[in-house]
Amino acid sequence: MGLFEKLKQGLTKTRNNFTDKIDSLLKFTRKIDEDTIEELEELLISADVGVDATESLIENLRRRIKSERIKNADDLKHALKEEIRGIFPQKSITINTPCILLIVGVNGVGKTTSIGKLAYNFKSKGYKVLLAAGDTFRAAAAEQLDIWGKRSGTDVIKHQEGSDPASVLFDAIQSGKSRNVDIIICDTAGRLHTKKNLMEELKKLYRVCQKEYPDARVLSLMVLDATTGQNALSQAKIFKEAVDLSGIILTKLDGTAKGGIIIAIARELNIPVWFVGVGEGIDDLQEFNPDDFVDAIL
Ligand SMILES: Nc1nc2c(ncn2[C@@H]2O[C@H](COP(=O)(O)OP(=O)(O)O)[C@@H](O)[C@H]2O)c(=O)[nH]1
Ligand SMILES: [Mg+2]
53 MGLFEKLKQG
63 LTKTRNNFTD
73 KIDSLLKFTR
83 KIDEDTIEEL
93 EELLISADVG
103 VDATESLIEN
113 LRRRIKSERI
123 KNADDLKHAL
133 KEEIRGIFPQ
143 KSITINTPCI
153 LLIVGVNGVG
163 KTTSIGKLAY
173 NFKSKGYKVL
183 LAAGDTFRAA
193 AAEQLDIWGK
203 RSGTDVIKHQ
213 EGSDPASVLF
223 DAIQSGKSRN
233 VDIIICDTAG
243 RLHTKKNLME
253 ELKKLYRVCQ
263 KEYPDARVLS
273 LMVLDATTGQ
283 NALSQAKIFK
293 EAVDLSGIIL
303 TKLDGTAKGG
313 IIIAIARELN
323 IPVWFVGVGE
333 GIDDLQEFNP
343 DDFVDAIL
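Here it is, written out as structure tokens:
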């Protein structure tokens, strides 16, 4: 299956909820009027596009209906596609090696799984990858990363349960340097009790990178679970206060009918979504492309 087909398949639930409803709304639209616009607005909200993004989309559509004299459903759909596309930030992420990816996010969103998939993805592009088991909170976390390391054929640096994540990263950096690794991907724990703990922990990891590997570019990537809808947005806002987030990995798009959340994320956070998770398999992580996304949903 091609990447685009896979993305489409991953978005099946969203398509059933959103696309099909938009299509049937437009199919029965003889004339584009206020009712059409209001129904469209409701559909966007119900797909978790978010109030903010929905309002902006609807406002722009209203303007275009007037100025471009949009009269039929096809033209309206085309305009909607363009407007959604326009919400995604222009900036995107490119890999400059050596680099360190700090993977952050709350418990259960799919950090460890995504790290395994990322390792596989980068390796297939020819990069040398090393994993750091920075979630030292429980032994199972390092074991889980180890399994993904084996699946993707990537080495994992790990310490015993309860040890300092910063020292795991320190070791990974030394090992990465001596082996000429291109990309070090560091897992982190998502169960830090307070915001203060979280900030301190992540800042400490940052400091280790800067001190031990000043040549490496550090990217902090926030993992968000698409099935949690607007909650994902609040999580990102909290983490954004603690770290300078470089990008988002949005997981479990396959598990939600509310894939519109990606539009809300783009609008409200203005941080590029770098990868999306569309399943549990090792190749179920795709680099996100806004053009493909709008083509897949509309
Ligand atoms: N369907 C689906 N499940 C996912 C995806 N990403 C992660 N998961 C599942 O989410 C659960 C939690 O993942 P895990 O990586 O342990 O989360 P962590 O606590 O953030 O490290 C696991 O059961 C994963 O298989 C995805 O893109 N699609
Ligand atoms: Mg984990």
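Following my numbering, the numbering of the sequence shown begins with 53 at its first residue and continues without gaps.
In this text, a Cβ means the ideal position worked out from N, Cα and C, and glycines have one as well.
From a predicted model like this one, the values you see are computed outputs, not experimental measurements.
Less than 6 Å between C-beta atoms, sequence neighbours within five positions excluded: which residues of the same chain meet that for residue i?
i, result
"Val328", "Leu302, Leu305, Gln338 and Phe340"
"Cys261", "Ile152 and Val270"
Within a Cβ cutoff of 8 Å, which residues of the same chain sit near residue i, ignoring the five residues on either side of it in sequence?
i, result
"Asp187", "Lys163, Thr164, Ala193, Ala194, Leu197, Pro217, Asp239, Thr240, Ala241 and Gly242"
"Val330", "Lys58, Leu59, Gln61, Gly62, Leu63, Leu305, Asp306, Asp336, Leu337 and Gln338"
The beta strand (DSSP E) spanning residue i covers which residue range?
i, result
"Gly329", "Val325 to Gly329"
"Gln212", "Per DSSP, Gln212 belongs to no beta strand (DSSP E) and is neither H nor E."
"Leu182", "Val181 to Ala184"
"Ile237", "Ile235 to Cys238"
Cutting at 7 Å between CB atoms, please list the residues of its own chain near residue i, excluding the five before and the five after it.
i, result
"Leu55", "Gln338"
If you measure between the beta carbons of residue i and residue j, is that distance less than 8 Å?
i, j, result
"Ile122", "Ile84", "yes"
"Lys133", "Val346", "yes"
"Ser204", "Tyr172", "yes"
"Leu257", "Leu221", "yes"
"Asp223", "Ile237", "no"
"Ala105", "Ile315", "yes"
"Pro342", "Arg67", "no"
"Ile334", "Gly168", "yes"
Any heavy atom of ligand 4 within a distance shorter than 7 Å of the CB on residue i?
i, result
"Gln287", "Because ligand 4 does not appear in the structure shown, any question about it cannot be addressed here, the ligands present being ligand 1 and ligand 2."
My output table needs one value for residue i: the three-state DSSP class, helix, strand or coil.
i, result
"Thr146", "coil"
"Ile301", "strand"
"Asp75", "helix"
"Arg269", "strand"
"Leu337", "strand"
"Met251", "helix"
"Asp347", "helix"
"Leu276", "strand"
"Ile290", "helix"
"Ile199", "helix"
"Asp127", "helix"
"Asp296", "coil"
"Asp306", "helix"
Just to confirm the assignment, what range does the alpha helix (DSSP H) spanning residue i have?
i, result
"Leu37", "Since the first residue of the chain shown is 53 and the last is 350, residue 37 is not available in this structure."
"Glu86", "Glu86 to Ser98"
"Thr165", "Lys163 to Ser176"
Pull up the distance between the alpha-carbon of residue i and that of residue j, whole angstroms please.
i, j, result
"Ile155", "Asp100", "25 Å"
"Ile147", "Asn124", "43 Å"
"Ser108", "Ser76", "23 Å"
"Glu111", "Ile199", "49 Å"
"Met53", "Ile139", "29 Å"
"Ser166", "Arg82", "45 Å"
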